[in-house]
Structure formats: structure tokens, C-alpha cells
Amino acid sequence: MQAEGEAALRLRDFPDVITADCPARNIMEHVVSRWGVLVLLALLEGTIRFSALRRRIGGVSEKMLAQTLQTLERDGLVLREAKPVIPPHVEYSLTPLGEQAALRVRPLAIWANDSVPAVTAAREGYDEART
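First residue of the sequence shown? That's 15 in this note's numbering, and the numbers climb one at a time after it.
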């Protein structure tokens with residue numbers, strides 16, 4: 015219980031990202047969006063072309079991936095580098111700021127993976143109680 019209290023105290027030292035007018039909230043929305051977090055994690059593995067990134071992530075439409083990459087590029091997290099060749103060759107990589115973000119969301123991805131059995135059990139218990 016003491017650890018929870020300490021965590022709450024530490025949260026007070028940060029901007030209130032819960033409020034609608036907090037600028038950091040908008041950045042967080044991009045970083046931890048459905049596809050943003052997956053793009054950051056995939057790019058943590060290294061520079062990659064658009065089509066390979068789409069295959070790596072899986073389930074993302076071409077349009078949604080393009081929008082996500084543009085958003086993260088605008089935020090300074092992703093670098094888009096067009097190579098002067100024919101046909102066009104575009105590569106994506108993390109900027110130093112993007113790498114910082116990716117390294118911070120990676121523990122969340124590890125936690126989610128490790129928690130699959132517990133979350134599955136919780137869902138099953140919830141569903142059983144509702145039927």
C-alpha cells in the first residue's frame with residue numbers, strides 16, 4: 015500500500031495528462047495509440063521500408079499505417095528518408111526522441127505479453143459472471 019502512495023506522490027510531480035488541455039496528453043495519444051505503439055516497437059528493431067513495416071506489424075491497413083507514420087514524423091519521433099532511386103524507396107527509422115519513447119513503451123508491451131494468462135482468466139471470469 016505504501017508503494018501506491020509513493021506512486022501517487024510522484025504523479026503529482028508531472029503535468030496532469032488526464033486533463034484535456036495538457037499538451038503532453040496529445041503526444042501520449044499518438045505514442046500509445048493502437049498503431050503508434052506498434053510502429054515504435056517495430057522501428058526499435060531498426061530502419062525498415064513501408065511494405066516491410068506493414069508486414070511486420072500485421073493487421074494495419076496501408077492508409078492507417080501511412081497516417082500513423084505521418085503523425086509520428088510530425089511529432090519528431092520517426093524519420094522518413096526518401097532515397098533518390100527509381101522506383102521510389104522510402105525508409106523509416108526512429109529519431110533519438112522516438113527511440114526514447116519506444117524504450118519507454120517496450121516494458122508495457124512486455125507486461126502485456128506476460129499478463130496474457132491473467133487477463134484471459136479475468137475476462138473469462140467476468141464473462142461467466144455476466145451469463
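Note that CB positions come from ideal geometry on N, CA and C, so glycine has one too.
On a predicted model such as this, the values are computed, not experimentally measured, just so you know.
Asked	Found
Arg63 in three-state terms, based on DSSP	strand
Selected residue, minimal CA-CA separation from Leu55, among Gly139, Ile32, Ala143, Leu86	Leu86
Exposure label - His103; buried when at least 16 CB within 10 Å	exposed
Every unbroken beta strand (DSSP E) within the stretch 80-139, with a cutoff of 3 residues, ordered by chain	92-97, 103-108
Beta carbon of Val92 nearer than 8 Å to that of Leu108	yes
Within 8 Å, strictly: CB atoms of Arg68 and Leu79	yes
Boundaries of the alpha helix (DSSP H) in which Arg39 is found, first to last residue	37-45
Contact between the stretch 124-137 and the stretch 93-100 (3+ Cβ pairs under 8 Å)	no
Continuous alpha helix (DSSP H) stretch holding Gly73: start and end	Segment: none, Gly73 is in no alpha helix (DSSP H) and carries neither H nor E.
C-beta atoms of Ile71 and Leu52 nearer than 8 Å	yes
Separation of Glu59 from Ala135, as counted between CA atoms	31 Å
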